[in-house]
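Right, one structure below, let's go through it.
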Amino acid sequence: MEKSAYLDAMGISRWSQGGGAVDSYTILLDSLSPELEKHPIITTVLSLIDCPFTHCTFSSSFTKGANVVWDMRRVKLPKSNAVLTSAPLSELEKTAESKRDLWNMILAHQEKSQ
639 MEKSAYLDAM GISRWSQGGG AVDSYTILLD SLSPELEKHP IITTVLSLID
689 CPFTHCTFSS SFTKGANVVW DMRRVKLPKS NAVLTSAPLS ELEKTAESKR
739 DLWNMILAHQ EKSQ
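Dropping the structure here:
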């Protein structure tokens, strides 16, 4: 009898290496506030780029080596290699042009991911 068939017949599951560490993503903002976690623009954008919200942290400063998914700082210095860059959240809420630019960036990301 083959070894794998024997293990299956006995109901013994084989060891497999785990999926690895969960990726952590950073969202850069000028100022932090508690309502950011439930903000509709943030939750919608993250769902559109398939970024799990539970793996995201908010920060007002860039740290070297951070996996930046979205940079919403007014002055983007130091530069980050973010997946998305946009105007600050307050501007996104008011200006159609900023939303349009962000939407185009989301579409480009979705096309690249396919």
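Under the working numbering, read the sequence shown as residues 639 to 752, first letter to last. Note that the Cβ used here is the ideal one computed from N, Cα and C, for glycine as well.
Where does Arg738 land, buried or exposed, given buried means 16+ other C-beta within 10 angstroms? Arg738 comes out exposed.
Using the three-state DSSP reduction, which class does Thr664 fall into: helix, strand or coil? DSSP places Thr664 in the strand class (E or B) of the three-state scheme.
Taking C-beta to C-beta, are Ser698 and Leu670 nearer than 8 Å? Pairing Ser698 with Leu670 gives a Cβ-Cβ distance under 8 Å.
Beta-carbon separation of Leu722 and Trp708 under 8 Å? The criterion of a C-beta distance shorter than 8 Å is satisfied by Leu722 and Trp708.
Could you have a look at Thr695 and say whether DSSP puts it in helix, strand or coil? Reduced to three states, the DSSP call for Thr695 is strand.
Residues sharing a beta bridge with Asp709, DSSP: Asp709 is bridged to Leu666, Thr723.
Would the region 643 to 651 count as touching the region 667 to 686 if we require 3 or more Cβ pairs under 8 Å? No, they do not touch.
If you draw a straight line from the C-alpha of Phe700 to the C-alpha of Lys717, how long is it? Rounded to the nearest whole angstrom, the CA to CA distance from Phe700 to Lys717 is 8 Å.
With H, G and I counted as helix, E and B as strand and the rest as coil, what does DSSP make of Leu740? In the displayed model, Leu740 falls within a helix according to three-state DSSP.
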